[in-house]
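Novice:
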Amino acid sequence: MRARGRLLAATAAAAVLAAGCGAGSQGTGTQAATPAPTATQPPPPSRVETVKGLGGGGFDPTEIYRREAPGVVTVISVFGDQRGLGSGFVLNGNGEVATNAHVVTNGGGGAAGGGPLRRAQAVYVKFADANEVSARIVGTDPNSDVALLRIDPAGLTLRPLPLGSSARLAVGSPVAAIGSPFGEPQSLSVGVISATDRTIDSLTDFQISDAIQTDAAVNHGNSGGPLVDGDGRVLGINSQISSSSGGGEGVGFAVPVDTVKRSLDQLRADGRVAYAYIGVSSVALYPQLARRFGLPVGRGAYVQTVNPGSPAARAGLRGGTRTARFQSQPFRIGGDIITRVDATAIREESDLSRAIARRRPGETVSLEAWRGGARRTVRLTLGQRPASVPGARP
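Take 0 as the starting number for the sequence shown in numbering that gives the first Met the number 0 and just add one per residue.
Written as structure tokens, this is what we have:
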């Protein structure tokens, strides 16, 4: 049976994990701590090495690894008598490190398995040169599965990785993933972008749009590590796999870097990320479905339910009133069809959630919606996405 949305942080009992992360084991032991500076001994300065684009137009995994791997770290999270193991990467010379939220938290909805999110009691970041330091969780974004960590950079050599763009990715473009699969640090795998615009689970009842699918091997422990292009620019954070066995089967997913940037900006400023919310669940409308139910348009977001008390409910949007089946799938028919948010046409599956995610709570938007054969314009003030709303999309 095919399992979707397996998160990639590896968790094991402390006694077991000691074999992979404890001192002196398998060449991944913790380096002896540097003596604390005294009042007359200032802390050693950090060193920041800049990674420039590789250029040349080719794809050279050896050169990508040589330039990028020093900026990729192993993230160790302590949860009582258990420890989680993931990956991350350096953002800048200030000691900021990006990773997945599920690497440094447990619980939550979606693929995380339910319950309230709980932060790790302690987090450590281990570098390629064997330096291991404690990290502070600046903030987590469970809706996009992004976390921002901060370490004291004094005495460390930092290799920040440049952030690219995920706006115009091409299927078939070569990519590389670097991380700590199964606790094996600084591991490289290569592949291509298999698909774009995928939808994957978050740590809430909502989903992450625009995810990148890749066949570069990713496994447990790769969570939080970078997916980079041929120029060494980060395209996304490796987050999930689709697997029937629990291992990597060539279907991995990364949170797109444009989403990551938005999360990091707000986490730096506020320690949290606010998402806009309208409060509907919908399915993508397509021509055959429209013909089956006699709908006036062939594309759009077909509203299935409207959450009570939500902005959509206050604006008068309606969900389906009865259930019918088409091509073995149940649908709630009779609901509104949203075809536009301001100037953005709603045609594909994730268009509505993407359009709302670009806004902020409190903004007012105009929705073009069809009810029966009539088109109408609905003005709606966006709310703030709650932590949990059963069945809510987006």
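Glycine is no exception: its CB is placed at the ideal position from the N, C-alpha and C atoms. All values derive from a computational prediction rather than experimental measurement.
#1: Is Thr363 near Ala354, with beta carbons less than 7 Å apart?
#2: In terms of DSSP beta bridges, what is Leu284 paired with?
#3: Whole angstroms is fine: what's the gap from Cys20's alpha carbon to Gly182's?
#4: On the three-state DSSP scale, how would you describe Phe330?
#5: With Leu284 and Gly270 assumed to form a contact (beta carbons below 8 Å), what rounded beta-carbon distance in angstroms separates them?
#6: Do you know how far the Cα of Tyr123 is from the Cα of Ser179?
#7: Grab me the residues of Ala38's own chain with a C-beta within less than 8 Å of its C-beta, minus the 5 sequence neighbours each way, in chain order.
#8: Apart from the five residues just before and just after Ala31, which ones in its own chain have a Cβ nearer than 8 Å to its Cβ?
#9: From Ala175, Ile211, Ile192 and Thr195, pick the residue whose C-alpha is nearest to that of Ser186; which is it?
#10: Looking at the structure shown, is Ala314 part of a helix, part of a strand, or coil, going by DSSP?
#11: Which of helix, strand or coil does DSSP assign to Thr33?
#12: Report all residues from its chain with a CB closer than 8 Å to the CB of Val191; omit the five preceding and five following residues, and keep chain order.
#13: According to DSSP, is Phe58 helix, strand or coil?
#14: Quick one: is Ala315 buried, meaning 16 or more other Cβ sit within 10 Å of its Cβ, or exposed?
#15: Terminal residues of the continuous beta strand (DSSP E) containing Arg353?
#16: Determine the extent of the beta strand (DSSP E) in which Val227 is found, giving its start and end residues.
#17: Strictly by DSSP, which residues pair up with Tyr276?
#18: Going by alpha carbons, who is nearest to Phe78 out of Gly333, Gln120 and Ser45?
#19: Can the beta-carbon of Tyr276 be found closer than 7 Å to that of Gly382?
#20: CB Val217 to CB Gly251, shorter than 7 Å?
#21: Among Ser86, Asn93, Phe58 and Thr61, which has the Cα closest to the Cα of Val71?
#22: Taking the straight line between their C-alpha atoms, what separation do you get for Pro44 and Ser387?
#23: Pick out whichever of Ser241, Lys260 and Arg291 has its Cα sitting closest to the Cα of Arg357.
#24: Which stretch, first to last residue, makes up the alpha helix (DSSP H) that contains Ala258?
#25: For Asn158, which option in Ala97, Pro115 and Gln206 has the closest C-alpha, if you only look at C-alpha atoms?
#26: Give me the Cα-Cα distance between Pro385 and Arg65, rounded to the nearest whole angstrom.
#27: Once the 5 residues before and after Pro141 are set aside, which same chain residues still bring their CB inside 7 Å of it?
#28: Buried or exposed, going by whether 16 or more other CB atoms sit within 10 Å of the CB of Ser133?
#29: DSSP has Arg117 in a bridge; who is on the other side?
#30: Whole-angstrom Cβ separation of Ser352 and Ser208, contact assumed at under 8 Å?
#31: Going by alpha carbons, who is nearest to Asp230 out of Gln265, Gly220 and Pro161?
#32: Which partner residues does Phe78 have in the DSSP bridge list?
#33: I need the boundaries of the beta strand (DSSP E) containing Thr207, first residue and last residue.
#34: By Cβ distance below 6 Å, which residues in the same chain neighbour Ala210 in space, the five residues on each side in sequence not counted?
#35: Alpha carbons only, please: which of Asn105, Thr380 and His219 is nearest the one belonging to Gln81?
#36: Closest to Leu266 by C-alpha separation, out of Ile345, Gly57 and Thr139, would be which residue?
Specialist: Taking the structure as given:
#1: By 1-based counting over the sequence shown, the position of residue 363 is 364. By 1-based counting over the sequence shown, the position of residue 354 is 355. In this structure, Ala354 does not lie closer than 7 Å to Thr363 by Cβ.
#2: The count along the sequence shown starts at 1 and reaches residue 284 at position 285. Answer by DSSP bridge pairing, in chain order: Gly299.
#3: Residue mapping note: residue 20 aligns to position 21 of the sequence shown, counting from 1. Residue mapping note: residue 182 aligns to position 183 of the sequence shown, counting from 1. Confidence is the limiting factor: at Cys20 the pLDDT is only 31, short of 50, which leaves the residue's position unreliable and the question unanswerable from this model.
#4: Translated into positions along the sequence shown, residue 330 becomes position 331. Secondary structure of Phe330 (DSSP, three-state): strand.
#5: For the purposes of this step, residue 284 is taken as the residue at position 285 of the sequence shown. For the purposes of this step, residue 270 is taken as the residue at position 271 of the sequence shown. Not confirmed; about 39 Å, so no contact.
#6: Within the sequence shown, residue 179 is the residue found at index 180, counting from 1. Within the sequence shown, residue 123 is the residue found at index 124, counting from 1. In a straight line, the C-alpha of Ser179 is about 14 Å away from that of Tyr123.
#7: Counting from 1 along the sequence shown, the entry for residue 38 is found at position 39. With a pLDDT of 48 at Ala38, under the threshold of 50, the predicted position of this residue should be treated as unreliable, and no value is reported.
#8: Start at 1 with the first residue of the sequence shown, and residue 31 comes out as number 32. Its pLDDT being 34, under 50, Ala31 is placed unreliably by the model, and nothing is read from it.
#9: The sequence position of residue 186 within the sequence shown is 187, counting from 1. If we check each option's Cα against that of Ser186, Ala175 comes out closest.
#10: Position 315 of the sequence shown, counted from the first residue, corresponds to residue 314. In the structure shown, Ala314 sits in coil (DSSP, three-state: anything other than H, G, I, E or B).
#11: The residue labelled residue 33 in the question sits at position 34 within the sequence shown. Residue confidence for Thr33 is low, a pLDDT of 39 falling below 50, so the modelled location carries little weight and cannot support an answer.
#12: If you number the sequence shown from 1, residue 191 lands on position 192. These residues qualify, in order along the chain: Val170, Gly171, Ser172, Pro173, Val174, Thr213, Asp214 and Ala215.
#13: Counting from one through the sequence shown, the residue named residue 58 turns up at place 59. DSSP places Phe58 in the coil class of the three-state scheme, outside both helix and strand.
#14: Along the sequence shown, one-based indexing puts residue 315 at 316. Note that residue 315 is Gly in the sequence shown, not Ala. Exposed, by the Cβ-count rule.
#15: If you number the sequence shown from 1, residue 353 lands on position 354. It is not in any beta strand (DSSP E) - Arg353 instead sits in the alpha helix (DSSP H) that spans Asp350 to Ala356.
#16: Residue numbering aside, residue 227 sits at position 228 when the sequence shown is read from its first letter. Val227 -> beta strand (DSSP E) spans Pro225 to Val227.
#17: By 1-based counting over the sequence shown, the position of residue 276 is 277. In the DSSP output, where bridge partners are listed per residue, Tyr276 has Gly382.
#18: As a working note, residue 78 is residue 79 in the sequence shown. Measuring from the Cα of Phe78, the nearest candidate turns out to be Gln120.
#19: As a working note, residue 276 is residue 277 in the sequence shown. As a working note, residue 382 is residue 383 in the sequence shown. Yes, the pair counts as a contact, with Cβ atoms nearer than the cut-off.
#20: As a first step, residue 217 must be located in the sequence shown, where it is residue number 218. As a first step, residue 251 must be located in the sequence shown, where it is residue number 252. Cβ distance < 7 Å, so Val217 and Gly251 count as in contact.
#21: If you number the sequence shown from 1, residue 71 lands on position 72. Ranked by Cα distance from Val71, the first of Ser86, Asn93, Phe58 and Thr61 is Ser86.
#22: Mapped onto the sequence shown, residue 44 falls at position 45. Mapped onto the sequence shown, residue 387 falls at position 388. Distance between Pro44 and Ser387, taken at the CA atoms: about 44 Å.
#23: The residue given as residue 357 occupies position 358 in the sequence shown. In this structure, Lys260 is the residue among Ser241, Lys260 and Arg291 with its C-alpha nearest to the C-alpha of Arg357.
#24: By one-based count along the sequence shown, residue 258 stands at place 259. Position check: residue 258 holds Thr in this sequence, whereas Ala was assumed. Boundaries of the alpha helix (DSSP H) around Thr258: Val256 to Asp269.
#25: As a first step, residue 158 is located in the sequence shown; it is residue number 159 there, counting from the start. The displayed chain sequence assigns Arg, not Asn, to residue 158. Residue Ala97 is the option with its Cα nearest to Arg158.
#26: Locating residue 385 in the sequence shown gives position 386, counting from the first residue. Locating residue 65 in the sequence shown gives position 66, counting from the first residue. Answer to the nearest angstrom: the Cα atoms are 43 Å apart.
#27: Your numbering for residue 141 matches position 142 in the sequence shown. Sequence-distant Cβ neighbours of Pro141 in its own chain, meaning closer than 7 Å and more than five residues away, are Ala100, Gly107, Leu116, Ser201, Leu202 and Thr203.
#28: For the purposes of this step, residue 133 is taken as the residue at position 134 of the sequence shown. It counts as exposed.
#29: Here residue 117 refers to the residue found at position 118 when the sequence shown is read from its first residue. DSSP, once it has assigned bridges, lists Asn105 as partnering Arg117.
#30: Residue 352 sits at position 353 when you count from the first residue of the sequence shown. Residue 208 sits at position 209 when you count from the first residue of the sequence shown. At roughly 5 Å, the Cβ-Cβ gap stays under 8 Å, so Ser352 and Ser208 are in contact.
#31: Position 231 of the sequence shown, counting from 1, holds the residue named residue 230. If we check each option's Cα against that of Asp230, Pro161 comes out closest.
#32: Here residue 78 is taken as the residue at index 79 of the sequence shown, counted from 1. The partner list for Phe78 (beta bridge, DSSP) reads Gln81.
#33: Indexing the sequence shown from 1 puts residue 207 at position 208. Sequence inspection shows Ile at residue 207; the Thr mentioned does not correspond to that position. Here the beta strand (DSSP E) through Ile207 covers Gln206 to Thr213.
#34: As a working note, residue 210 is residue 211 in the sequence shown. Excluding positions up to five away in sequence, the list reads Arg197, Ile199 and Phe252.
#35: Within the sequence shown, the letter at position 82 stands for residue 81. Ranked by Cα distance from Gln81, the first of Asn105, Thr380 and His219 is Asn105.
#36: Sequence index remark: in the sequence shown, residue 266 carries index 267 (1-based). Distance check between Leu266 and each of Ile345, Gly57 and Thr139 places Thr139 closest, using alpha-carbon atoms only.
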